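To start, the structure under review is shown below, and the notes come after it.
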Amino acid sequence: EAQVTQNPRYLITVTGKKLTVTCSQNMNHEYMSWYRQDPGLGLRQIYYSMNVEVTDKGDVPEGYKVSRKEKRNFPLILESPSPNQTSLYFCASTPDRGQWGTEAFFGQGTRLTVV
Amino acid sequence: QQQVKQSPQSLIVQKGGISIINCAYENTAFDYFPWYQQFPGKGPALLIAIRPDVSEKKEGRFTISFNKSAKQFSLHIMDSQPGDSATYFCAASGDTGFQKLVFGTGTRLLVSP
Chain A
23 EAQVTQNPRY
33 LITVTGKKLT
43 VTCSQNMNHE
53 YMSWYRQDPG
63 LGLRQIYYSM
73 NVEVTDKGDV
83 PEGYKVSRKE
93 KRNFPLILES
103 PSPNQTSLYF
113 CASTPDRGQW
123 GTEAFFGQGT
133 RLTVV
Chain B
2 QQQVKQSPQS
12 LIVQKGGISI
22 INCAYENTAF
32 DYFPWYQQFP
42 GKGPALLIAI
52 RPDVSEKKEG
62 RFTISFNKSA
72 KQFSLHIMDS
82 QPGDSATYFC
92 AASGDTGFQK
102 LVFGTGTRLL
112 VSP
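Residue numbers (the working numbering), protein chains in the order written: chain A, 23 to 137; chain B, 2 to 114.
Written out as structure tokens, the structure is:
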């Protein structure tokens with residue numbers, strides 16, 4: 023089954039404790055992105071990757087890091103989480119640079135709470 | 002600054018009624034306007050999309066209306082069903098494609114039985 027898998031689904035952590043949210047896709051997609059979803063703000067892009075070892079900032083990259091060492095994996099790293107990073111996070115992938123009609127596939131989401 | 006403005010924030014419609022969600026954009030370089038549907042506990046999933054050279058696209062009970070001159074587009078759900086209850090996001094992107102997909106703030110739709 024074609025899918026984007028995120029882990030963990032739920033995470034409660036304390037301020038300053040480094041964490042990683044994993045994302046893996048089995049569709050051989052080139053493009054992957056991370057979004058955060060907050061009430062009233064919709065989905066905002068954090069980082070995206072166009073291919074292995076190629077990443078770039080989205081609209082809200084502060085406090086986050088990413089890496090793309092393998093095509094299928096795109097982990098999101100919070101080196102020193104703060105309460106304002108409490109949010110619902112989504113990973114997404116798409117097979118090419120997003121020419122018209124290309125569908126983005128989203129993971130199930132990771133609900134992160136930083137206390 | 003929100004590049005895609007979506008309204009209303011929430012919507013309650015009776016079963017069988019028409020649900021209408023509106024979006025407006027500023028960037029004239031946008032050329033791809035998808036709508037995503039999100040059920041509780043799930044990620045968003047593509048529902049329907051339109052290109053700016055057509056004014057309307059229909060897929061089943063779902064219709065996108067597009068007004069290029071006004072820079073507005075809307076989603077109409079005909080004969081709304083309780084199973085349509087979800088959060089709907091409009092989005093837009095330009096020639097940079099998916100990696101710059103900009104989402105609206107979302108509309109939580111509740112269809113009452």
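Backbone N, C-alpha and C define an ideal beta-carbon position, used for all residues, glycine too. These figures come from a predicted structure and were not determined experimentally.
- Taking CB atoms only, Phe63(B) has no neighbour in chain A less than 8 angstroms away.
- Between Glu125(A) and Asn106(A), the alpha-carbon positions lie close to 30 angstroms from each other.
- The three-state secondary structure of Asp85(B), taken from DSSP, is helix.
- For the 8 angstroms CB-CB criterion, Phe104(B) and Gly64(A) form a contact.
- Cβ-Cβ separation between Ser71(A) and Tyr57(A): approximately 13 angstroms, too far for a contact (criterion under 8 angstroms).
- According to DSSP, Ser94(B) shares a beta bridge with Tyr33(B).
- In terms of Cβ geometry, Asp81(A) and Arg66(A) form a close pair [threshold 8 angstroms].
- By the Cβ-count criterion, Ala71(B) is exposed, with fewer than 16 other Cβ atoms from all chains shown falling within 10 Å of its own Cβ.
- In summary, the residues of the segment 23-47 of chain B whose CB is separated from some CB of chain A by less than 9 angstroms are Asp32, Tyr33, Pro35, Tyr37, Gln39, Gly42, Lys43, Gly44, Pro45, Ala46, Leu47, in the order they occur in the chain.
- Inter-residue distance for Glu92(A) and Thr35(A) is about 27 angstroms (C-alpha atoms, whole angstroms).
- Comparing C-alpha distances from Cys113(A) to each of Leu41(A), Glu101(A), Phe127(A) shows the shortest one belongs to Phe127(A).
- In this structure, Tyr37(B) sits away from Gln4(B), with a CB-CB distance that is not shorter than 8 angstroms.
- For Ala30(B), the CB contacts under 6 angstroms within the same chain, skipping 5 residues up- and downstream, are Gly95 in chain order.
- Here Tyr89(B) is near Ile22(B), since their CB atoms are less than 8 angstroms apart.
- Bounds of the beta strand (DSSP E) holding Ala46(B) are 46-51.
- Counted as a single uninterrupted DSSP element, the stretch harbouring Arg94(A) is not any beta strand (DSSP E), since DSSP gives it neither H nor E.
- In the three-state DSSP reduction, Gln38(B) falls in the strand class (E or B).
- The beta-bridge partner set that DSSP reports for Val112(B) consists of Val14(B).
- Contact note: Phe90(B) reaches chain A through Gly64, Leu65, using a C-beta cutoff of 8 angstroms and chain order.
- Annotated three-state conformation of Asn23(B) is strand, per DSSP.
- Here Arg90(A) is buried. Its C-beta has 16 or more other C-beta atoms within 10 Å.
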